[in-house]
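Chains as they are written, first to last, in the numbering used here: chain P, 1045 to 1614; chain H, 120 to 191.
The following block contains the structure:
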């Protein structure tokens, strides 16, 4: 497998990219005078830049590699992670939630929770979030370095340290602005680096028609109806009819509602990009602008995986086959192997640069979110309350170094204790699942209290853990996959179990927050809640602009496009 | 502050020049794996056009977005 040799031209392309990324950080170093410059870009970013950064920060290497892998494993149904599991939530956060995030002048998502509820709710969210960002950037660093080791024979240590130090350099010097600027650059690299792969792959298999007929063979060979890989909704009536093993209700509620809204509407990693926008109107348009390329991404990252599995099953001696792994295939290799299969030297360098770019933008997203939450919500909140702004700027820089080093340590930890990583990701899933219920009630129900939010969140997390501990996906043995309290329920697949764990956690948090709030006294007066809760916030007035320029209008257009895409690939 | 379109434009111009240049001098047998298409030449040209457009927008500052959105 190793031994795809890169030529001089490929190294030049990679080198050019590194030089520009570092150069942007260097050019911005003089603009970081206050902590608001460093953590919030001085709230000065135009909507289109914030929008592309919003998208890019989410687009880590794990997304590119993972979505191509899922495309091979599940087919076009993977697009549900975009057209159901992202677009509606992105519209919601822009149109309905951004007025509170941006309008409240909170500097972070945990700080919003402090303003809206109380100190303990903020502390819980800040600490779990900060831990999660460090671990997820470490885990994705591990995944990327391992992949480069397998495909290109690159040294694991080299990949980890070089990418970590470059990200550290440009964030340390240029703060969030530098991360955002680089994310925009990386966005274009990712698109222009992977696009030729889609063209070549589709041409090779005979366009969409050729691909569907080849995928029919894959579907039948796996015991499904011929369209199972090429139709996104037609096979969701029962879990047995599709390779994901989910049914439409679990998908729409679990993925489309709970998990998707929980991520896009409450995760500071993405919300931070919108908070850096230069006006409320720009902040509201940020996720909506991001939604347009986001809904086209399935063609960029899922299609290559689908083409890879189609070629693997073709058996016509074209020479492309995914390597086997246990009973199935090593799906994670789909993207890098497709790049190596179609790209000659030159373009191959560009494709690998795109892969590196996706990794760096994802890591930078984690690091900038970490340093902000650490400095504002943990350090300023609990360690040193009153200090000069210069001091917090210094702490921000130090926590950038600290965060990157922790990520590197996590990447090395992952090489030794894969189970710990699986366990941590599981715990984070429990913590995240109920979160959207807390924000929904916080923003739209003024009676929700601090105790209600805090205990609702804790009990929702507990509900997620209980549900996971009591159920087991088909074919798994009790342990990290569930059933550690006894397998009382069974799910057809791990994905179905995940979706229902989320639904269960969200419902518990939602109901318990209401009950506990009604039993406790309001934490904040109505005056304190002004600008934080829907009923007590004046509507943003931008009636003078054209309908389609307003966030509401843009949101409707985006939703209609998403519905159209779902219908086309039904 | 730095207009982000300038470094993006410059990077893609350089990448485009590198790819088209390589596409012109490289051995045609390289392109059997890309279905016989000289993708370096073709895609390099696309990158050149993209880079030039970005530079133009960044320099004129009148393009989509940028400083001309008329916001408070």
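Just so it is clear, CB atoms sit at the ideal spot from N, CA and C, and this is done for glycine as well.
Starting from residue i, follow its DSSP beta bridges and name the residues at the other end.
i, result
"residue 1517(P)", "1535(P)"
"residue 1368(P)", "1373(P)"
"residue 1526(P)", "1523(P)"
"residue 1089(P)", "1321(P)"
Counting along the chain, where does the alpha helix (DSSP H) carrying residue i start and finish?
i, result
"residue 1202(P)", "1200 to 1249"
"residue 1159(P)", "1153 to 1160"
"residue 1194(P)", "1163 to 1196"
"residue 1305(P)", "1304 to 1310"
"residue 1491(P)", "Element bounds for residue 1491(P): n/a, residue is neither H nor E."
"residue 1331(P)", "1324 to 1341"
"residue 1117(P)", "1105 to 1118"
"residue 1426(P)", "From DSSP, residue 1426(P) is part of no alpha helix (DSSP H); its letter is neither H nor E."
"residue 1353(P)", "1347 to 1358"
"residue 1416(P)", "1391 to 1416"
"residue 1594(P)", "First-last for residue 1594(P): undefined, no H or E at that position."
"residue 1461(P)", "Looking at the DSSP string, residue 1461(P) is not in any alpha helix (DSSP H), and its letter there is neither H nor E."
"residue 1079(P)", "1079 to 1084"
"residue 139(H)", "124 to 144"
"residue 1070(P)", "1052 to 1071"
"residue 167(H)", "158 to 179"
"residue 1131(P)", "1131 to 1136"
"residue 1297(P)", "Unbroken run through residue 1297(P): none, as it is neither H nor E."
"residue 1269(P)", "No alpha helix (DSSP H) holds residue 1269(P); DSSP gives it neither H nor E."
"residue 1380(P)", "1378 to 1386"
"residue 1575(P)", "Residue 1575(P) -> no alpha helix (DSSP H), and no H or E assigned at all."
Could you give the C-beta distance for residue i and residue j, rounded to a whole number, given that I count them as a contact under 8 Å?
i, j, result
"residue 1186(P)", "residue 1069(P)", "Incorrect: roughly 24 Å between the Cβ atoms, too far for contact."
"residue 150(H)", "residue 1367(P)", "Incorrect: roughly 25 Å between the Cβ atoms, too far for contact."
"residue 1144(P)", "residue 1576(P)", "6 Å"
"residue 1328(P)", "residue 1142(P)", "4 Å"
"residue 1537(P)", "residue 1182(P)", "Actually they are not in contact, since the Cβ atoms of residue 1537(P) and residue 1182(P) sit about 28 Å apart, beyond 8 Å."
"residue 1493(P)", "residue 1551(P)", "Going by Cβ atoms, the distance from residue 1493(P) to residue 1551(P) rounds to 19 Å, so no, they are not a contact pair."
"residue 1548(P)", "residue 1508(P)", "7 Å"
"residue 1065(P)", "residue 1210(P)", "6 Å"
"residue 1054(P)", "residue 1396(P)", "7 Å"
"residue 1320(P)", "residue 1084(P)", "5 Å"
"residue 1541(P)", "residue 1532(P)", "Not confirmed; about 13 Å, so no contact."
"residue 174(H)", "residue 128(H)", "3 Å"
Let me see if you follow: with CB-CB separation under 8 Å, is residue i close to chain A or not?
i, result
"residue 1387(P)", "Protein chains in the displayed structure are P and H, and chain A is not among them."
**Asked** Using 8 Å as the threshold, is the stretch 1208 to 1222 of chain P in touch with the stretch 1377 to 1386 of chain P, meaning 3 or more CB pairs across them?
**Response** no
**Prompt:** Should the stretch 1449 to 1460 of chain P be regarded as contacting the stretch 1155 to 1164 of chain P, the criterion being three or more beta carbon pairs within less than 8 Å?
**Reply:** no
**Request:** Scan the stretch 136 to 162 of chain H for residues whose Cβ lies nearer than 8 Å to a Cβ of chain P and list them as they occur along the chain.
**Result:** 137, 138, 141, 142, 145, 149, 150, 152, 153, 154, 156, 158, 159, 162
**Prompt:** At a Cβ cut of 7 Å, what residues of the stretch 1226 to 1260 of chain P count as close to chain H, listed as they run along the chain?
**Reply:** 1228, 1229, 1232, 1236, 1240, 1244, 1247, 1248
**Request:** Specify whether the stretch 1097 to 1106 of chain P and the stretch 1396 to 1409 of chain P touch according to this definition: at least 3 beta carbon pairs, one from each stretch, less than 8 Å apart.
**Result:** yes
**Request:** Spell out a yes or no on whether the stretch 1411 to 1427 of chain P and the stretch 1308 to 1319 of chain P are touching, meaning 3 or more CB-CB pairs, one atom from each, closer than 8 Å.
**Result:** yes
**Item:** Cβ pair count under 8 Å reaching 3, the stretch 1464 to 1478 of chain P against the stretch 1288 to 1306 of chain P
**Value:** yes
**Message:** Three Cβ pairs or more, each shorter than 8 Å: is that satisfied between the stretch 1501 to 1516 of chain P and the stretch 1551 to 1568 of chain P?
**Reply:** yes
**Message:** Below 8 Å, how does it come out for the stretch 1271 to 1284 of chain P and the stretch 1110 to 1130 of chain P: are there three or more Cβ pairs, yes or no?
**Reply:** yes
**Message:** Three Cβ pairs or more, each shorter than 8 Å: is that satisfied between the stretch 1188 to 1205 of chain P and the stretch 1058 to 1068 of chain P?
**Reply:** no
**Request:** Taking only beta carbons into account, state which residues of the stretch 1127 to 1155 of chain P come closer than 9 Å to chain H, listed in chain order.
**Result:** none
**Request:** Inspect the CB distances between the stretch 1140 to 1152 of chain P and the stretch 1432 to 1448 of chain P and report whether three or more fall short of 8 Å.
**Result:** no
**Item:** Residues of the stretch 1049 to 1060 of chain P whose Cβ lies closer than 7 Å to any Cβ of chain H, in chain order
**Value:** 1053, 1056, 1057, 1060
**Request:** Compile a chain-ordered list of the residues in the stretch 1065 to 1083 of chain P whose CB is closer than 8 Å to at least one CB of chain H.
**Result:** 1067, 1068, 1071, 1072, 1075
**Prompt:** Should the stretch 1590 to 1609 of chain P be regarded as contacting the stretch 1330 to 1348 of chain P, the criterion being three or more beta carbon pairs within less than 8 Å?
**Reply:** yes
**Request:** Give the residues from the stretch 1185 to 1204 of chain P that approach chain H closer than 8 Å (Cβ to any Cβ), ordered along the chain.
**Result:** none
**Request:** Count the C-beta pairs between the stretch 1239 to 1249 of chain P and the stretch 146 to 163 of chain H that are closer than 8 Å, then say yes if the count reaches three, no if not.
**Result:** yes
**Message:** Under 8 Å: do the stretch 1505 to 1519 of chain P and the stretch 1456 to 1468 of chain P share three or more Cβ pairs, one atom per stretch?
**Reply:** no
**Request:** Pair every Cβ in the stretch 1463 to 1474 of chain P with every Cβ in the stretch 1520 to 1539 of chain P, then say whether three or more of these pairs are closer than 8 Å.
**Result:** yes
**Request:** Could you name the residues of the stretch 125 to 136 of chain H whose beta carbon sits closer than 9 Å to any beta carbon of chain P, in the order they occur along the chain?
**Result:** 126, 127, 129, 130, 131, 133, 134
**Prompt:** When Cβ atoms are compared, which residues of the stretch 1554 to 1579 of chain P fall closer than 8 Å to chain H?
**Reply:** none
**Message:** Which residues of the stretch 1392 to 1415 of chain P have a Cβ closer than 8 Å to any Cβ of chain H? Give them in chain order.
**Reply:** 1394
**Asked** In chain order, what residues of the stretch 1596 to 1607 of chain P put their CB closer than 9 Å to some CB of chain H?
**Response** none
**Asked** Are the stretch 1348 to 1355 of chain P and the stretch 1256 to 1264 of chain P in contact at 8 Å, needing three or more beta carbon pairs?
**Response** yes
**Asked** Between the stretch 1284 to 1300 of chain P and the stretch 1105 to 1112 of chain P, are three or more C-beta pairs nearer than 8 Å?
**Response** no
**Prompt:** Which residues, in order along the stretch 1349 to 1383 of chain P, keep a beta-carbon less than 8 Å from a beta-carbon of chain H?
**Reply:** none
**Prompt:** What residues in the stretch 162 to 175 of chain H bring their beta carbon closer than 9 Å to a beta carbon of chain P?
**Reply:** 162, 163, 165, 166, 169, 173
**Message:** Output needed in chain order: residues of the stretch 1089 to 1109 of chain P with a Cβ under 8 Å from some Cβ in chain H.
**Reply:** 1090, 1091, 1092, 1093
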